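Colleague: Below: one structure in structure tokens.
Structure, rendered in structure tokens:
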């Protein structure tokens, strides 16, 4: 089958379930066809991740951004299916798909992107990191950084650990959101941002969510790991960090 068709249909968006509360997100189960999933797993960068050591308390990662851009060399040399996935996501066509998908919320949150803010024009970029999480990995309740437009997670193995799930928090009682700060500041807790839903880390499940100020989420503490939890984190981001993608922080 042609590469073009393969590219167009790499993620099974026909399986998507769309949610608009407490913020905009999609869940796609059976994200990849089995044949593609198996290739991605065969090419998973186990050795490269082992070289990286630990990052962010219990998580090691290999990224396409930053000074080393280590993932780009790895894909080019030994991961052709991942390279196809990366090329498929790293397009304005895909970026526009998400802009259209979440259009109703863009005005509400004062989205500052214009028609000129595209990947091809180098105003936007795709960040992807390949991660493995072990015992002790946890993330506090937070929204991602102000340069992010959309974030996504794709999980690559079924639970052989406890915790390590993606937790969605509601924010009905918050009048004004705090712009995300670097470092791990405890801005939110389960009193002002109660748990709305727990999305289990499950093989071949993807979660895509608008990085709006109300997109509060956390990761429950991972324990009793019999193997590393494999996942990728990705985001469409603005290169110019001085202009937040969303500027309305009032709920």
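Numbering (my numbering), first residue to last: 3 to 253.
Each residue gets a CB set at the ideal place from its N, CA and C atoms; glycine is no exception.
Remember, predicted model here, so these are calculated numbers, not experimental data.
Roughly how far, in whole angstroms, is the beta-carbon of residue 47 from the beta-carbon of residue 170, given that I think they are within contact range, below 8 Å?
Modeller: Between residue 170 and residue 47 the Cβ distance is about 28 Å, and since that is not below 8 Å, they are no contact.
Colleague: In three-state terms, what does DSSP make of residue 91?
Modeller: Helix.
Colleague: Residue 136 and residue 235 look like a contact to me (Cβ under 8 Å); what is the Cβ gap, rounded to whole Å?
Modeller: No, residue 136 and residue 235 are not in contact; Cβ-Cβ is about 16 Å, not under 8 Å.
Colleague: Kindly list the residues whose CB is nearer than 6 Å to the CB of residue 131, restricted to its own chain and excluding five residues on each side of it in sequence; keep chain order.
Modeller: Excluding sequence neighbours, residue 131 sits near 63, 65, 235.
Colleague: Please list the segments of the beta strand (DSSP E) lying wholly inside the stretch 187-252, counting only runs of 3 or more residues, in order along the chain.
Modeller: DSSP runs (the beta strand (DSSP E)) wholly in the stretch 187-252: 197-201, 207-212, 219-221, 231-240.
Colleague: Just reading off the alpha helix (DSSP H) that residue 37 is part of, what are its end residues?
Modeller: It spans 36-44 - the alpha helix (DSSP H) in which residue 37 sits, taken as one unbroken run.
Colleague: Rank 214, 238, 173, 84 by C-alpha distance to the C-alpha of residue 199 and give the top, closest one.
Modeller: Comparing Cα positions, the closest option is 173.
Colleague: Apart from the five residues on each side of it in sequence, which residues of its chain come closer than 7 Å, Cβ to Cβ, to residue 113?
Modeller: Hits under 7 Å: 247, 248.
Colleague: Quick one: what's got a C-beta closer than 6 Å to residue 83's C-beta in the same chain, skipping five residues either side?
Modeller: Excluding positions up to five away in sequence, the list reads 41, 42, 45.
Colleague: Which stretch, first to last residue, makes up the alpha helix (DSSP H) that contains residue 11?
Modeller: It is not in any alpha helix (DSSP H) - residue 11 carries neither H nor E in the DSSP assignment.
Colleague: Is the stretch 204-216 touching the stretch 152-169 in the sense that three or more CB pairs, one from each, lie closer than 8 Å?
Modeller: Segments in contact, yes.
Colleague: Under 7 Å between the Cβ atoms of residue 222 and residue 138?
Modeller: Against a cut-off of 7 Å, the Cβ pair of residue 138 and residue 222 comes out as no contact.
Colleague: Which of helix, strand or coil does DSSP assign to residue 164?
Modeller: Residue 164: strand per DSSP, three-state reduction.
Colleague: List the residues that DSSP assigns as beta-bridge partners of residue 132.
Modeller: Per DSSP, 64, 234.
Colleague: Is residue 134 buried or exposed, if buried means 16 or more other CB atoms sit within 10 Å of its CB?
Modeller: It counts as buried.
Colleague: What is the DSSP secondary structure of residue 71, reduced to helix, strand or coil?
Modeller: The answer is coil: DSSP assigns residue 71 none of H, G, I, E or B.
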